Amino acid sequence: NGAATRDGIMDTLYAFLCANDDVHHGDTIVIWFSGHGSYYSASAVGLSASPDDDACIEVLLPVDYTQVPDISGRELNVCLADIRDRKGGNISVFLDACYAAGATSGDVPHSSTPPSAWSSHPMLTDASLEMRRAQFGFSAPLPVPISSPLWRADPTSHVLVAACASGEQALEDSSGGAFTHALLSLLRSGPAGSATYAQLVPAMQSIIDAQYARELRRHERRLAKLQSASNSNSGTNADADADSTKLANLT
469 NGAATRDGIM
479 DTLYAFLCAN
489 DDVHHGDTIV
499 IWFSGHGSYY
509 SASAVGLSAS
519 PDDDACIEVL
529 LPVDYTQVPD
539 ISGRELNVCL
549 ADIRDRKGGN
559 ISVFLDACYA
569 AGATSGDVPH
579 SSTPPSAWSS
589 HPMLTDASLE
599 MRRAQFGFSA
609 PLPVPISSPL
619 WRADPTSHVL
629 VAACASGEQA
639 LEDSSGGAFT
649 HALLSLLRSG
659 PAGSATYAQL
669 VPAMQSIIDA
679 QYARELRRHE
689 RRLAKLQSAS
699 NSNSGTNADA
709 DADSTKLANL
719 T
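Okay, so the sequence shown: first residue is 469 according to this note's numbering, each after it adds one.
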């Protein structure tokens with residue numbers, strides 16, 4: 469866990485995936501994050517919201533979040549697109565964190581007030597992101613900076629399976645996250661290579677229903693549906709291509 473710093477996470481995504489010759493184009497790439505998530509209003513953290521509405525920016529919190537900026541959904545979306553361009557689009561992202569459904573898509577609408585900031589540090593600047601991309605061979609700058617109100621997420625890079633919808637908190641107890649427990653239980657119960665992602669979500673929900681029935685009744689919440697990046701803002705609709713995609717054999 470101590471290695472999951474901001475630089476540790478971002479550099480590993482670029483160095484181990486983008487710049488690793490042992491990872492070939494078309495290989496199955498699985499990215500998993502279990503930890504804390506949050507979301508902030510774009511203006512409160514120094515980034516312009518999209519011109520459409522008062523969008524918020526969802527973030528993942530690295531272990532050193534009190535000292536450095538959090539990892540924004542805008543950064544993750546750019547990173548995943550870079551991985552896709554180098555290694556192909558067979559990328560699966562599993563996020564067991566609060567507000568996870570929008571954490572790879574950039575901006576998401578929220579009807580509630582964002583929680584208090586875990587950290588007072590501003591979001592990553594465009595210059596820092598471009599320096600990291602250039603370090604790993606992406607010489608062309610982004611056509612639209614991530615701080616611009618005209619920035620848009622790339623909806624084509626990955627399939628996201630999220631522990632909860634945008635604006636919701638992930639369920640956990642003393643043993644850890646319900647999402648992680650359910651998925652590991654499912655994978656350990658038998659071969660997963662023949663299952664589709666669309667079949668995965670209801671199977672996980674059944675495990676969560678049995679394990680966390682009392683908590684689920686209290687919160688009246690359900691596991692977020694499978695989403696591709698193109699639909700991760702909605703929190704409800706599964707992408708047709710993602711529905712039929714085979715689950716990577718993680719066992």
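Think of the CB as a built atom: it goes at the ideal place given N, C-alpha and C, for glycine as much as any other residue.
No experiment lies behind these values; they were computed from the predicted model shown.
Residue 606 to residue 500 span [Cα, whole Å]: 24 Å
Consult DSSP for residue 470 and reduce its assignment to one of helix, strand or coil. coil
Would you say residue 524 and residue 632 are within 8 Å of each other, going by their C-beta atoms? no
Would you mind working out which of 504, 492 and 531 sits nearest residue 472, comparing C-alpha positions? 531
Segment limits, alpha helix (DSSP H) that includes residue 651: Its alpha helix (DSSP H) spans residues 646-656.
Could you pull out every residue in the same chain whose Cβ sits closer than 7 Å to the Cβ of residue 526, ignoring the five residues on either side in sequence? 505, 507, 541, 567, 570, 571, 576 and 634
Applying the 10 Å Cβ sphere with the 16-neighbour rule, what's the burial state of residue 546? buried
When the distance is taken between beta carbons, is residue 655 closer than 8 Å to residue 629? no
Where residue 484 falls: helix, strand or coil (DSSP): helix
Rounded to whole angstroms, what's the CA-CA distance from residue 613 to residue 643? Just pull it up for me. 41 Å
Enclosing alpha helix (DSSP H) for residue 560 [first to last residue]: From DSSP, residue 560 is part of no alpha helix (DSSP H) but of the beta strand (DSSP E) over 559-564.
Segment limits, beta strand (DSSP E) that includes residue 499: 497-502
Taking just the CA atoms, how far does residue 563 sit from residue 528? 9 Å
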